[in-house]
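Per the working numbering, the very first residue in the sequence shown carries number 106; after that it's consecutive.
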Amino acid sequence: MEIGLSLLSGFLLMVALTSILFGFQKVPQGFNYTVERFGKYTRTLEAGPSLIMPFVESVSHRVDMREQVLDVPSQEVITQDNATVRVNGVIFFRVQQAPEAAYAVANYKDAILSLITTNIRGAVGSMDLDDLLSKREEISANILSDVDHATAPWGIKVLRVKIRDIEPPESLAAAMTKQLSAEREKRASIFAAEGEREAAIMRAEGEKRSAVLRAEGEKAAAILCAEGEKEAATLEAFARESLAKAEANATAWLSEALEKGNIQAINYFVAEKYIEALKHLAAADNQKVIMLPLEATSLTGLLQGIKSLTQEAFPDDKNNP
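Given below as C-alpha cells:
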C-alpha cells in the first residue's frame, strides 16, 4: 500500500515538473504571444513569465509590438503625362492588436508592402511629373491615410509613409536640366530688364526733378531781377522827381531874384552852367586838353557872385565861409 502511494506521488510530481518545464513561457518586452488550445485561439500572453498547459495549449504566434520599418522597393511607375519614373519609399508601422495581426491576415508585413506599393502606383499615376516632383509630402500624406485605413482591421497602425526617391529616366533628367537652365536664364534676363527699367525710371525722375528745380531757380531769379529793376526804376524816378523839384525851386528862386533886380542871381545861373560844361568836357574820352578862359577874373567874379548870393539867401547861417 505504501509502495502504491509512493509511486502515485512520484508520478504526480513528475507530471507537475513536466508541466512546469514545458508550460513555462517567458515573453520578452515588446512582444505578445498568442495561445491556442487544440488549435483554437484562447488568449494572449504579454511581456513577463506565464504558464500554459503542456500538450493542450501552445504558442501559435510571437508578435512584435514595437514600431517597425519596411523598405518599399524601387518600382517603375508611369505618370499621368506618360513619363516613366522609378519610385521607392519607406513605411513605419506598429502592431496594436496581436490577435488581429496573427489571424486577420496571413502575413501582415507582405500585406502592408503590397498595399503600399499599390497605393504608390495609384497616387503617382494620377499626377503629372512636375506635380510629382514638387508634391512629395502631399503624396505621402494621401498614401498614409489610405494605407492606415486599410490596415486598421488587422490591428496595425501605420505611423508614417515617406516617398524617398523619384528617379526620372536619364534622357528626361537631361531635358529637365536644360529646362531649368533655360528658366534660370530667363529669370536672370527678366531681373536684368527690370533693373534697367527701374534705373531708367529713376534717371528720368532725377532729370525731371532737376529740370523743375532749375525752372524754379530761374523763376526766382527772374522775379528778383524784376523786383530789382522795379526798385531801381522807382529810385531813379524818385531821383528825377527830386531833381526836377530842385530845378523848379531854383528857377522860381532865380525868377524872384531877377524881379528884385539882383544881378548876382544871373551870375549864379551862368556859373552853374559854366561849371557843368567844364565837367562834361573833362569827362569826354576824346578831350585831352581843356581850354580855360583868358580872363581868370571872370571865373573869380562868378564865384564871388555865388558866395554873395548864398549869404543873402541864408543870412543867419554862421557856418558859411
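C-beta atoms are modelled at their ideal positions from N, C-alpha and C, and glycine is treated no differently.
Nearest-angstrom Cα separation, counted from residue j out to residue i
i: Y208; j: T222; result: 23 Å
i: V182; j: P274; result: 11 Å
i: K145; j: N193; result: 40 Å
i: M119; j: L126; result: 10 Å
i: S111; j: T123; result: 18 Å
i: R199; j: G260; result: 9 Å
i: V317; j: G333; result: 24 Å
i: Q134; j: V168; result: 11 Å
i: Y213; j: K267; result: 19 Å
i: Y138; j: M170; result: 10 Å
i: S114; j: T147; result: 31 Å
i: E341; j: A353; result: 18 Å
i: A326; j: A305; result: 31 Å
i: K240; j: E272; result: 14 Å
i: A228; j: I248; result: 7 Å
i: S286; j: Q180; result: 29 Å
i: K131; j: H166; result: 14 Å
Nearest candidate by alpha-carbon position, reference residue i, set the options
i: E162; options: T149, R171, K214, R319; result: T149
i: L234; options: I225, D186, S276; result: D186
i: P427; options: D270, S347, S294; result: Not covered by the structure: residue 427. The range shown for the chain is 106 to 426.
i: D176; options: P159, I196, I244, V210; result: I196
i: A188; options: N224, E346, L238, S294; result: L238
i: E151; options: P204, A353, F160; result: P204
i: P159; options: H166, V174, F143; result: F143
i: V252; options: S286, I217, Q284; result: I217
Beta-ladder partner(s) of residue i, from DSSP
i: R142; result: K145, E162
i: Q180; result: V192
i: S155; result: Q130
i: Q173; result: F198
Nearest-angstrom beta carbon gap, residue j and residue i [assumed within contact, 8 Å]
i: L156; j: F136; result: About 17 Å separates the two Cβ atoms, so there is no contact after all.
i: A190; j: V164; result: The question names Ala, but residue 190 is Val in the sequence shown. Rounded, the Cβ-Cβ distance is 45 Å, inconsistent with contact.
task: Any chance you could list the beta strand (DSSP E) runs of at least 3 consecutive residues sitting entirely within the segment 186-270, in chain order?
output: 189-200
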